[in-house]
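Colleague:
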Amino acid sequence: MSDQTTKQNSEESANSISAKKDNFYSNHPTGDEIEEKVSALETELLRLPELKPFLELLSSLPWNEYEEKLSSNYYASFPFGKEDSDSSFPTFPSEKPSEFKLLEPVRILAEAEERLGAENENFRSLNNYVSNLIARTMGRAVSIAVKTRLNL
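Start counting the sequence shown at 1; every next residue gets the next number (full-length UniProt numbering).
Have a look at this one:
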């Protein structure tokens with residue numbers, strides 16, 4: 001691996017919401033930190049004209065609907081503390097073929113990769129943005145599953 005590639009991978013890791021704060025403890029960002037990261041990345045990417053069509057497609061996706069569908073999946077798949085009261089509850093979730101998955105953002109990202117190329121700096125920034133959008137959506141979905149489904 002070249003020094004340039006190593007440097008790029010290092011920079012991308014540092015930009016990722018899941019980047020480690022130090023060598024011993026991973027960064028477990030709060031919902032607010034993820035929101036700030038997504039907002040900052042979006043502001044940065046809006047300045048890049050070649051990414052505009054992809055950002056428009058991403059912003060038109062029904063993210064709230066994705067959160068609700070994922071929250072239903074999470075609630076159905078994970079016991080959320082019910083294992084204490086019901087010994088028949090499985091300890092590990094089983095995958096279901098009908099399970100909802102976030103495919104559209106990945107499709108948009110694949111289209112961007114095809115048009116821009118995987119080595120394009122703007123594509124890598126878009127990839128980071130999409131990863132953070134998905135992380136935000138998944139975090140919100142878990143929160144919805146816990147709060148709404150368990151009446152907290």
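Each residue gets a CB set at the ideal place from its N, CA and C atoms; glycine is no exception.
With DSSP collapsed to three states, give me the class of G117.
Modeller: coil
Colleague: So what does DSSP say about T43, is it helix, strand or coil?
Modeller: helix
Colleague: Hey, how far is the Cα of L57 from the Cα of A110?
Modeller: 13 Å
Colleague: Could you check the C-alpha separation between S71 and V142 for me, to the nearest Å?
Modeller: 6 Å
Colleague: Assuming A145 and Y66 make a contact with CB atoms under 8 Å, what is their CB distance in whole Å?
Modeller: That pair is no contact at about 13 Å.
Colleague: Is L103 helix, strand or coil when you go by DSSP?
Modeller: Assigned with DSSP and collapsed to three states, L103 falls in coil, not helix or strand.
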